[in-house]
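Residue numbers (our numbering): 4 to 194.
I have placed the structure first, in the form of structure tokens, so that the comments after it can refer back to it.
In structure tokens, the structure reads:
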């Protein structure tokens with residue numbers, strides 16, 4: 004019985020170390036903060052509702068993108084997100100519609116509407132850039148930026164970030180999912 008308690012304690016310590024270690028990587032992903040020096044900012048897609056309305060997580064990303072674009076008028080936004088099986092339109096189209104309703108100039112918006120993952124968001128968005136770039140800005144929820152930067156680095160680009168707040172209703176679920184996603188992405192990129 005004593006060995007079982009020790010085993011449980013060891014597993015709890017390992018899990019705790021994993022949780023906080025991955026949390027540290029997620030926190031580090033929120034730096035460096037974007038300064039408008041990259042020509043393009045990639046806005047990573049997220050769930051949209053059946054009627055094309057962005058989820059709260061996506062609204063937060065879009066509001067952050069809108070504010071960033073207003074501050075840095077030379078930056079073009081690449082709206083990146085395909086159409087999920089339960090979505091009536093692509094995330095990119097829903098994102099464009101949301102930003103246009105806020106008064107964004109359509110000339111500053113580039114749509115990438117084929118991606119189905121964060122990896123594809125970055126890869127396909129790079130193809131939308133008029134010429135190869137050494138640097139990009141990634142706009143997403145705070146939990147998601149480390150993975151986006153990891154993928155951009157894999158493709159040879161430095162990335163700075165604009166962090167959007169994660170809704171409290173999804174914070175725990177997103178944190179667990181992203182910790183696992185970081186590990187899976189690292190393994191995938193090593194191949």
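We put the beta carbon where it would ideally sit given N, CA and C, even for glycine.
The DSSP assignment places complete beta strand (DSSP E) segments of no fewer than 3 residues inside the region 76 to 112 at 79 to 83, in order along the chain. Between the alpha carbons of residue 191 and residue 49 lies a gap of roughly 21 Å.
Membership of residue 179 in the alpha helix (DSSP H) is indicated by the continuous run 174 to 193. Nearest C-alpha to residue 34 among 183, 185, 68, 140: 140. Within its own chain, the residues whose Cβ lies closer than 6 Å to the Cβ of residue 71, once the five positions on either side in sequence are excluded, are 165, listed in chain order. Rounded to whole angstroms, the gap between the alpha carbons of residue 16 and residue 7 is 14 Å. Annotated three-state conformation of residue 169 is coil, per DSSP.
Contact between residue 124 and residue 173 fails: their C-beta atoms lie close to 18 Å from each other, not under 8 Å. About 17 Å separates the beta carbons of residue 153 and residue 136, which is beyond the 8 Å limit, so they are not a contact pair. Put simply, of 22, 12, 83 the residue whose alpha carbon is nearest the alpha carbon of residue 180 is 22. In this structure, DSSP gives residue 161 an extended state, which the three-state scheme calls strand. Taken through DSSP and simplified to helix, strand or coil, residue 139 comes out as strand. The alpha carbon of residue 90 has as its nearest neighbour, out of 96, 52, 188, 162, the alpha carbon of 52. Just so you know, the alpha carbons of residue 86 and residue 12 end up roughly 44 Å apart. With contacts defined by Cβ atoms closer than 9 Å, residue 167 and residue 143 form a contacting pair. Note: residue 56 is not bridge-paired with any residue in the DSSP secondary-structure output. The straight-line gap separating the alpha-carbon atoms of residue 64 and residue 105 is approximately 14 Å.
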